[in-house]
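Since the structure comes first, as structure tokens, the remarks are kept for the end.
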Amino acid sequence: MIKSIVIKNYRGIKDLEIDNFKKYNFFIGDNGSKKTTILESIGISLSVLNFTSPLTYMLNRQIKVKNENISSLFFNSDIKNKVEFILKTDNILKLRTSISIDSILSEFQEYSSDNQIDTEIGRYLYTMKKKIEEESIQNNIYLNKKNQIFFKNFKGEEIPKNFQKIIKKYKGCLHISDSFKDMREATKQIDKIIKSRKKELLLKCLRTIDKDIIDIQTNDEEIFVEKDIFKEFVPVSSIGDGIVLALEIIIPLILSEEGFKVILIDEIERGIYYKNYRKLSEIIIELCKDNQNIQLFITTHSKEFLEAFNETLLEIEKDNFSLFSLRNKKEKLDVVHYTSEELKDTLETGWDPR
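FYI, in our numbering the residues of the sequence shown are 29 to 382.
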């Protein structure tokens with residue numbers, strides 16, 4: 029389990045440390061309070077051998093991957109500020125990640141461009157280094173003429189022992205957001221659920237949200253559902269964003285026995301009808317309550333969803349909850365931590381923790 033993270037010079041965060049992570053972790057705050065940036069930091073840190081994950085998050089933010097946009101990764105767009113993440117796990121291993129611009133490579137890039145020198149290597153973007161204890165892996169990331177991203181220096185057979193430990197334990201880090209929609213992967217996961225004879229569990233969860241759902245099936249790269257009111261199966265996307273989001277969340281929870289899994293959910297309330305907040309909360313907690321190999325990091329703008337989730341959690345496993353309220357103060361980001369009981373008391377007094 030992830031216990032804490034330190035974030036330095038990444039996007040809008042200059043220096044931030046958050047600890048006391050539990051199984052269920054919520055981040056709240058107004059727009060610009062860096063909730064999504066924290067999720068990205070966790071995702072980049074856990075992408076142990078993926079040196080291009082920052083570029084994936086750039087694309088998720090609708091930022092085109094090109095040399096002049098790389099500065100958006102750095103605090104105040106200052107590429108002299110090295111980005112650093114320090115992720116601490118329950119076995120006291122510290123996974124350090126840094127993103128920096130090598131001045132020599134950058135200057136050579138500018139010189140080549142100014143003098144119209146054609147380089148086979150491609151455009152240098154940044155250098156990423158991963159370090160666990162005394163072991164480290166470093167790569168330079170490039171973008172070639174065909175806009176293909178690649179890196180040099182690292183070979184797969186050279187994976188250090190501590191890296192192997194992290195990779196073996198943390199089997200997956202899934203980011204669920206409005207921009208991360210991969211229906212092909214969801215189709216494969218549903219096929220896994222069907223083959224493992226857990227289809228009825230999936231349908232039971234979906235019917236909690238929409239009682240009219242009869243069946244679910246996949247076809248190539250699409251997911252279809254059957255409902256009483258339709259004459260035939262229809263694409264799941266046609267019945268609303270809420271059921272699509274619920275499906276995205278439920279699928280990995282049902283398949284979570286495949287090693288320790290970290291799930292990042294951005295704006296969990298989007299597309300969900302407010303009367304279904306408690307229902308979705310019950311589904312999540314029911315699927316996770318007996319599973320020690322899962323950890324959720326969730327952002328929300330909704331006080332109502334937070335209240336519904338906490339009320340459900342208080343009945344089952346209140347000690348596995350942490351809420352972090354984020355507040356911008358000039359260049360500093362303040363974090364106020366709440367336990368499940370503290371959140372309950374705060375809400376009962378009429379205060380809004382956001």
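For glycine and all other residues, C-beta sits at the position ideal for the given N, C-alpha and C.
Item	Value
Considering Cα atoms alone, identify which of Asp118, Thr80, Ile277, Gly71 is closest to Lys193.	Asp118
Of the residues Asp238, Asn78, Ile41, Lys50, which one's Cα is nearest the Cα of Thr65?	Ile41
For the segment 77-136, which segments carrying the beta strand (DSSP E) assignment without a break, of at least 3 residues, lie completely within its bounds, in sequence order?	111-117, 122-128
Give the straight-line distance between the Cα atoms of Leu87 and Thr367, rounded to the nearest whole angstrom.	34 angstroms
Label Ser105 either buried or exposed according to how many other C-beta atoms from any shown protein chain fall within 10 Å of its C-beta, with 16 as the threshold for buried.	exposed
Out of Lys31, Ile30, Ile56, which has the shortest C-alpha to C-alpha gap to Leu361?	Ile56
What distance in whole Å lies between the Cβ atoms of Ile242 and Lys255, which are believed to be in contact at a cut-off of 8 angstroms?	6 angstroms
Short of 7 angstroms in beta carbon distance, which residues of its chain neighbour Tyr302, apart from the five on each side in sequence? Order them along the chain.	Glu332
Helix or strand or just coil, what does DSSP make of Asn172?	coil
Compare the Cα-Cα distances from Ile279 to each of Leu231, Leu375, Val111, Tyr52 and report the closest residue.	Leu231
Please name the residue, chosen from Glu345, Val93, Leu123, Ala336, that lies closest to Pro188 on a Cα-to-Cα basis.	Leu123
Please report how far the alpha carbon of Pro215 lies from the alpha carbon of Glu250, in whole angstroms.	The question names Pro, but residue 215 is Thr in the sequence shown. If you take the alpha carbons of Thr215 and Glu250, they lie about 6 angstroms apart.
By how many angstroms is the C-alpha of Ser353 removed from the C-alpha of Glu370?	12 angstroms
Could you tell me the alpha carbon to alpha carbon distance between Phe258 and Ile300, rounded to whole angstroms?	22 angstroms
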